[in-house]
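Chains as they are written, first to last, in the numbering used here: chain A, 1 to 553; chain B, 554 to 875.
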C-alpha cells in the first residue's frame, strides 16, 4: 500500500517550510535591505535613531538573507582589468641598478669603467670597458641574485645574467617572474578593493579571474567611467630630482632619466632622475587640506625611512627644484626653501576640493604595483535594471499561471497537486538563492521561468505512467506506486543530463550567463525534490483520507 | 472534463515518412551549414569586440539623424538599430548603436563613448544612455574559444553519460539529434542575422540539455520495451515507445513553451534574443527526439538477443564474459 515513513513525511514538510520561510524576506526587499544595512552599521558601532528605525523595518528573528540582484537588474558597472605585470619587472630592474653599479664599481681594476646602456624594458644592460672582465662582472651580478621562494621555482636563481661581447644583460628569471606576477596581482587586488571601499559603495564584488585579471562589479556605480576614476591610474607617487626643464616633448632624457610633462602648464617638460628620492610607498598618511593661500592641497606624511631620505635630500639641495610626480606627470615642482626634516609636507597644484579628496584616497590606499588594461566594461543604468525586473516579474507570473491552468486542466486534482509542488518549488529556488547569496540576473529570471516549464516534466512523466498503469494494475494504489517507481529512471536520466549542461555553463560562463546556470541548476534539483517527494506525499495524504476505489488522472 | 492534447491511445507510425522527415532534417542541417559559411553570423560585441550603446529617448528615434551625428567621428563600422517592444511606454524610444572595436586599442577609450554621447545629445536633448558595454578584442577572441569548448564539452559529457546508461547506438542517436538542434539554431541565427552573443551560447547549451531530456525519455521507454517484447522488431518497439511517451513529450514541451512564450512577449527586449533561441531549440529539440534520434538508432540496429553468444558488438556488456 501507499506508505511513507513518518520521519520522511516530517522531513519533507520541514524542507518545504524552510523554503517558504527563506523566500519571505524577498517579498519585502527594500525593507530587509534597509534592515541589513542598518544592522551592519550598528555592528560597527554606529548608532542613531534613523538606523534604529531602519533596523526595526524587519524583525531580527526572521531570516534576513535576500537574493542578491545582479548588475543587469540593479544597475551598476563592471570592469575587467588586466594587470600589466611586466611593469613590475621594469621597476625592479631600475631599482637594482644602484646595487649592480656598486658591486661592479668596487672591482673597477679588473672590470674597467662601466656604463648603463639603453635596453628593452625589464632588462638592465651594462657595458663593461674591459672585455676580459666580463666573466667576473657576470659572476658579481649573479652574486646579487637570491633563490626563488616559491614551491615550483624553489632552488632557482631570481636573476638571469648573460653576456655578449662586453655587454652584460640582467633580467628576472622565469621562476622569479612567476613569483613576481602572483604578488603583483594579489597586491593590485587588495589595493583596488581598498579604493573601491573608500568610495563607499555597497556590496562591490572584486575577484580575480585567471592569472592576471581582476573583475570588478559595483552595483550602484553610475558608469564604468566613474569606476575607473575610483580605481584611478596607478597613483604612483614619487619625489624626483629635477635635472633640467625643456619645452621639447621629444627631448632625449639620457640614460637613467625620464621626461615628464607638467600637468598645469602645457608644453613644459621636465627631465627627471628615474630613481625617486622618496617614493609613494613610503607614505604613511595623506589628507585633503588647504595651503596657506586657502587653495585645496593634499597633506602627506612619510615613514621614518622616507623622512630621513627626504630630510637628507632637501638639506643638500636648498635652492634647487624637485618634482612631485604622479603617474609620470609632474603635479608640482617647488623649489626647496629649507631642509624638510619633519617627514611631512603638502602637495599643491591647481586642484579642486574633490580632486584633492580623490588624490588623498589614492595615495593612502597605496600605489597600484602595475598599470591596468581595461579589457571589458559594462554599464547598466538603474532605470533599465528596474524595467528588466518588472518585465521579468510580469512574464514569470503570467507563465506561472498559464502552466498551472494547463496542468490543472490536463490532470485535474493531480494537476493541482503538481501546481502546489510547483509553488513550493519556486519558493525553494528563491530561498536557496537567498541563502547561498547567489546573484539573480536577467537570464537567471529566464532560468526560473524555464524551470517552471521543465519542473512539471517530472510530474507529467509520473502521471502519464500512472495513467498507463491504471489500465493494467490491480487498483489505484498500486498504479500510483508503480507510476512513481517506473517513471524514476526516465526522470533521473533526463535531469542528470540537464544538470550537466548547467554545470558546464556555470564553469565557463561569467556574469549573467552564470546567473542563468545557477537558477537552472538549483531549479532542477528542487524540482526533482518537489515532483517526486512532495507530490507523492500529498497524494498519499489524499489517498489515505479518501480511500477511492477508482481514480482519474 | 480533462484537457487531452493527445488521445489516450495513439498508434502513429513515426517511421512511415522517415524518408521525408529524415531527409528534411539532413537538408536543413546542410542548408544551415551553407548559410553559416556564406552569410556568417551576426556576432555581438562579446565575440567581435567593440561597444554597444543603448539609447532611450522620449522623442522618435531617427536612425538617419543619429547616423549623421556619429559618422563625422570616423569610428568605422557603426550599426544603428531601433528597438521595438510591447513592454515599452508610449514615449519610450529605444535604439542600439554598435561601434566596431577601434584599431590598435585593447582597452576601450572613454573619449569615444563620450564623443558619441555628446553628438547624439546634440540631435536629441532628451536622450539618455541606459547601458554602455565595451569588450576589447583580446577578451572577445577568448570568449569565442570558451564558447566553442563549452558547447563541445556539453555534447561530449552527455554522450558519455548516455553511452554509460544505454547502448552505444543510443548515444550516437542522441548526439546526432543534439548536433542537429545546434546546427539548425545556428542556421536560423545566420539566415535572419540575429545577434549571436554569449547569451545565445547559454541558450544553445540549454537546448542541448533540454533536447537530450526529451530524447532520453523515449530511449528509456525503448530500453524497457526491448526487454518486455523480446520478439518484436526494433522498428515496432521504437514506434511503440514513441507512442507511449508521446503525450508526455507534448505535455512537457507544451508547458515549457507556455512559460517561454510569456517570457518572449512580456520579458522585455533585453533578453528576447536569448529566449527566442531557447524557444526555437525546444521546438527543434522535440522534433529531433522523435524524428532524428530514433532513426539513427534504427539504422544502427540494437543487439536484442543476449541468450546466444555471438561476437561482441561493442555494447556495454561486451567485456563481461571474458
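In this text, a Cβ means the ideal position worked out from N, Cα and C, and glycines have one as well.
Which class does residue 238(A) belong to by DSSP, given the choice of helix, strand or coil? strand
Distance, Cα to Cα, residue 567(B) vs residue 663(B)? 59 Å
Beta-bridge pairing of residue 86(A) - partner residues as DSSP gives them: In DSSP, residue 86(A) forms no bridge with anything.
Would you please state the rounded distance, in angstroms, between the beta carbons of residue 702(B) and residue 508(A)? I believe it to be under 8 Å. 7 Å
In or out: residue 833(B) buried (at least 16 other Cβ within 10 Å) or exposed? buried
On the three-state DSSP scale, how would you describe residue 548(A)? coil
List the DSSP bridge partners of residue 555(A). Examination of residue 555(A) is not possible in this model, given that chain A is present from 1 through 553 alone.
What is the DSSP secondary structure of residue 875(B), counted as helix, strand or coil? In this prediction, residue 875(B) scores a pLDDT of 43, lower than 50, which makes its location untrustworthy; no coordinate-derived value is stated.
Applying a beta-carbon distance threshold of less than 9 Å, which residues of chain A neighbour residue 698(B)? Neighbours of residue 698(B) on chain A: none; closest Cβ ~10 Å, over 9 Å.
With DSSP as the reference, identify every bridge partner of residue 68(A), one or two as the case may be. 439(A)
Within 8 Å, do at least three Cβ pairs link the segment 733-742 of chain B to the segment 540-552 of chain A? no
Just to make sure I have the definition right: I need the residues of chain A whose C-beta is within less than 7 Å of the C-beta of residue 824(B). Which are they? 442, 443, 446
Since residue 746(B) and residue 626(B) should fall inside the 8 Å C-beta cutoff, what is the C-beta to C-beta distance between them, to a whole number of angstroms? 25 Å between Cβ atoms; not a contact.
Name the residues in the segment 617-643 of chain B whose C-beta lies less than 8 Å from a C-beta of chain A; which are they? 640
Member of 486(A), 260(A), 71(A) whose CA lies at the smallest distance from the CA of residue 246(A): 260(A)
Please identify, using Cβ separations under 8 Å, the residues of the segment 206-228 of chain A that lie next to chain B, in order along the chain. 223, 224, 225, 228
Alpha helix (DSSP H) segment containing residue 899(B), residue limits: No answer is possible for residue 899(B): the residues shown for chain B start at 554 and end at 875.
Which bits of chain A does residue 555(B) rub up against, with CB to CB less than 8 Å? 409, 410, 411, 412, 552
If you measure beta-carbon to beta-carbon, which residues of the segment 792-806 of chain B are closer than 8 Å to chain A? 797, 798, 800, 801, 804, 805
Distance check for residue 842(B) and residue 742(B), CA to CA, integer angstroms please. 21 Å
Cβ-based burial, residue 19(A) [other Cβ within 10 Å; buried from 16]: buried
Residue 8(A) versus residue 410(A) - alpha carbon distance: 29 Å
Partners in chain B for residue 387(A), counting only beta-carbon separations shorter than 7 Å: 821
Please classify residue 404(A): is it buried, with 16 or more other beta-carbons within 10 angstroms of its beta-carbon, or exposed? buried
Does residue 375(A) get closer than 7 Å to chain B when you measure Cβ to Cβ? yes
Mind checking which residues open and close the alpha helix (DSSP H) that includes residue 811(B)? 787-819
Which word fits residue 679(B), buried or exposed, when buried means at least 16 other C-beta atoms lie within 10 angstroms of its C-beta? exposed
Under a three-way DSSP split, which group does residue 248(A) fall into? coil
Can a CB atom of chain B be found closer than 7 Å to the CB of residue 402(A)? yes
Residues in its own chain within less than 7 Å of residue 430(A) by CB, not counting five upstream and five downstream? 23, 26, 67
So, is residue 852(B) buried or exposed, given that buried needs 16 or more other C-beta atoms within 10 angstroms? exposed
I'd like the list of long-range same chain contacts for residue 417(A), defined as Cβ closer than 7 Å, with 5 residues on each side in sequence excluded. 535, 538, 539
Element boundaries [beta strand (DSSP E), containing residue 498(A)]: No beta strand (DSSP E) contains residue 498(A), which is instead part of the alpha helix (DSSP H) from 476-508.
Any idea what DSSP makes of residue 380(A), helix, strand or coil? strand
Relative to the alpha-carbon of residue 198(A), which residue among 359(A), 162(A), 351(A) has its alpha-carbon at the smallest distance? 359(A)
Residue 215(A) to residue 49(A) span [Cα, whole Å]: 37 Å
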